[in-house]
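Going from the sequence shown to the working numbering is simple: count from 1 and add 7.
Heads up: the structure comes next, in structure tokens.
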Amino acid sequence: MIYLDANATTPMLPEVVEAMMPWLTEQYCNPNASYRGAKAARKAVEQAREQVAVWLGALPEEVVFMSGGTESTNTALKWLARWVGRKSGRVVTTAVEHSAVLKVIENFAQVGYAVEKCGVDSGGRLDLEAFDEACARAEEGGGFASVMAVNNETGVIQPWVEACEKAHARGLAFHTDAIQAMGKVEVNVREVPVDFLSLSAHKFHGPKGVGALYVRSGCRFEPLLRGGGQESDRRSGTENVAGIVGMGKAAELARLWLEAGRDLRGLRDDFEARVVGGVEGVTVNGDLIHRVSTTSHLSFERCEAAGLLILLDEMGVACSAGSACMTGKQQPSHVQKAMGFSDGKARSSLRFGFSRMNTREEVVEAAGCVVKAVEKLRRVQGGGGTGPVMVYSP
Ligand SMILES: Cc1ncc(COP(=O)(O)O)c(C=O)c1O
8 MIYLDANATT PMLPEVVEAM MPWLTEQYCN PNASYRGAKA ARKAVEQARE
58 QVAVWLGALP EEVVFMSGGT ESTNTALKWL ARWVGRKSGR VVTTAVEHSA
108 VLKVIENFAQ VGYAVEKCGV DSGGRLDLEA FDEACARAEE GGGFASVMAV
158 NNETGVIQPW VEACEKAHAR GLAFHTDAIQ AMGKVEVNVR EVPVDFLSLS
208 AHKFHGPKGV GALYVRSGCR FEPLLRGGGQ ESDRRSGTEN VAGIVGMGKA
258 AELARLWLEA GRDLRGLRDD FEARVVGGVE GVTVNGDLIH RVSTTSHLSF
308 ERCEAAGLLI LLDEMGVACS AGSACMTGKQ QPSHVQKAMG FSDGKARSSL
358 RFGFSRMNTR EEVVEAAGCV VKAVEKLRRV QGGGGTGPVM VYSP
């Protein structure tokens with residue numbers, strides 16, 4: 008398989024697996040106990056916290072480990088909503104957030120919060136002016152804002168730094184979903200004074216089912232999960248020691264990778280040039296200046312993404328239509344709608360996600376497969392027209 012779906016998840020690096028192994032096998036003690044084995048587990052958890060903190064420019068005590076990105080966003084948002092209170096509470100966000108943010112905030116709207124989902128331009132970037140106006144409306148009664156750093160479907164980098172400044176200038180607390188940003192753009196909480204920030208290990212070559220919430224020290228905070236008081240009573244539940252160790256190692260490796268000035272622009276650009284040059288009617292979507300080098304979001308005229316996905320899967324190329332969570336559904340995603348895609352264009356779009364594990368050879372081969380798949384699908388469908396077309400079924 009040529010795996011080009013790194014926005015959905017990334018393969019673990021061998022060093023990460025190696026670091027985790029002892030904690031999955033002979034080192035099984037509960038880090039909250041008092042004997043030697045337990046103390047070793049506690050030390051491993053604290054070392055991982057340090058690794059994540061160094062990467063973020065945070066203090067170790069500002070990092071709270073939890074079960075992944077979804078728990079992290081839910082914890083931050085539900086606390087913020089409780090804090091501002093539903094009577095006066097206003098919530099400002101964007102129309103293109105991941106469902107781990109959007110579904111939570113939509114639920115706030117159902118129970119009486121005033122929610123504003125700010126729009127994006129055709130390149131998928133937040134309209135900062137509209138955002139500022141929404142923050143101004145929230146200023147009176149108190150509220151909070153949540154803006155993602157990088158969009159999971161398009162790879163577009165949002166103006167989250169400016170959004171944080173604007174929200175704070177209006178007295179609003181600020182959360183960012185940095186889950187797709189980590190390891191791709193610099194995220195340093197010493198430079199960007201976010202109050203809460205969510206991350207997830209499996210997006211940067213760590214294990215699945217582990218993530219963290221950054222909580223700026225001094226910020227009021229109450230946990231979502233209560234119980235045994237782990238994580239300084241900010242997230243109860245016995246720690247996933249192996250997962251946390253893997254996350255720490257992955258964070259360290261991602262930091263070193265970025266510090267060495269590495270990125271995947273050359274690989275991604277080569278892929279796009281080969282596809283765009285190989286077949287007509289291809290559009291590269293998303294703001295071309297503000298996007299991470301690991302995502303390519305393409306639309307193919309006169310081709311249904313669902314059919315392309317089947318053909319590419321047969322050829323051994325794994326990619327995705329829209330976001331992973333939308334796969335299998337024929338509806339345009341909320342991101343595509345917000346960017347003003349027609350239904351036809353939305354249904355003819357594929358997302359390719361690259362990671363440092365991809366080789367040049369893979370990318371060249373995958374681009375060739377995409378070209379062949381598009382040509383085949385257009386032949387099968389008979390070409391012509393730009394609207395929705397039949398889905399190829401093998
Ligand atoms: C932007 C974004 N936010 C949140 C999530 C949810 O993270 P997790 O899979 O760790 O729950 C994802 C995962 O796809 C994501 O891409």
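By construction, the Cβ of each residue, glycine as well, lies at the ideal position given by its N, Cα and C atoms.
None of the values given here were measured: they were computed from a predicted structure.
Under DSSP, residue 218 takes part in a beta bridge, and its partners are 73, 207. In this structure, residue 163 and residue 293 form a Cβ contact; the two beta carbons are roughly 5 Å apart against a cut-off of 8 Å. Taking 6 Å as the cut-off, one finds at least one heavy atom of ligand 1 near enough to the beta carbon of residue 187. In the displayed model, residue 97 falls within a strand according to three-state DSSP.
Of the residues 375, 272, 45, the one whose Cα lies closest to the Cα of residue 298 is 272.
Sorting 187, 186, 241 by C-alpha distance to the C-alpha of residue 230 places 241 at the top. Residue 268 and residue 367 have their alpha carbons spaced roughly 18 Å apart. Distances taken from the Cβ of residue 105 to the heavy atoms of ligand 1 include one shorter than 6 Å. Residue 160 and residue 339 have their C-alpha atoms some 12 Å from each other. In this structure, the beta-carbon distance from residue 355 to residue 278 does not fall below 7 Å.
Put simply, the backbone Cα of residue 257 is about 10 Å away from that of residue 263.
Going by DSSP, residue 125 is part of the beta strand (DSSP E) stretching over 121-125. Excluding sequence positions up to five before and after residue 124, its CB lies within less than 7 Å of the CB of 100, 101, 102, all in the same chain and listed in chain order. Among the bridge pairs identified by DSSP, residue 163 is matched with 298. As computed with DSSP, residue 359 is found in a beta bridge with 303. Under the DSSP definition of a beta bridge, residue 289 partners with 307. Take residue 87, set aside five residues on each side of it, and the residues of its chain with a beta-carbon closer than 7 Å to its own are 151, 180, 182, in chain order. Contact between the segment 136-152 and the segment 165-178 is established, with three or more Cβ pairs separated by less than 8 Å. By the criterion of a C-beta distance shorter than 7 Å, residue 213 is surrounded in its chain by 19, 23, 253, 254, 257, once the five residues flanking it on both sides are discounted. Taking the Cβ of residue 362 as the reference point, every heavy atom of ligand 1 lies at 6 Å or farther away. In the three-state reduction of the DSSP assignment, residue 79 falls in the helix class, which pools H, G and I.
Between the segment 282-293 and the segment 77-96 there are fewer than three C-beta pairs closer than 8 Å, too few to call the two in contact. Three or more Cβ pairs closer than 8 Å define a contact, and the segment 186-204 falls short of that threshold against the segment 39-56. In the three-state reduction of the DSSP assignment, residue 106 falls in the helix class, which pools H, G and I. Here residue 61 carries a helix assignment [DSSP, helix/strand/coil]. DSSP lists 358 as the bridge partner or partners of residue 327. For residue 152, the beta-bridge partners assigned by DSSP are 99, 181.
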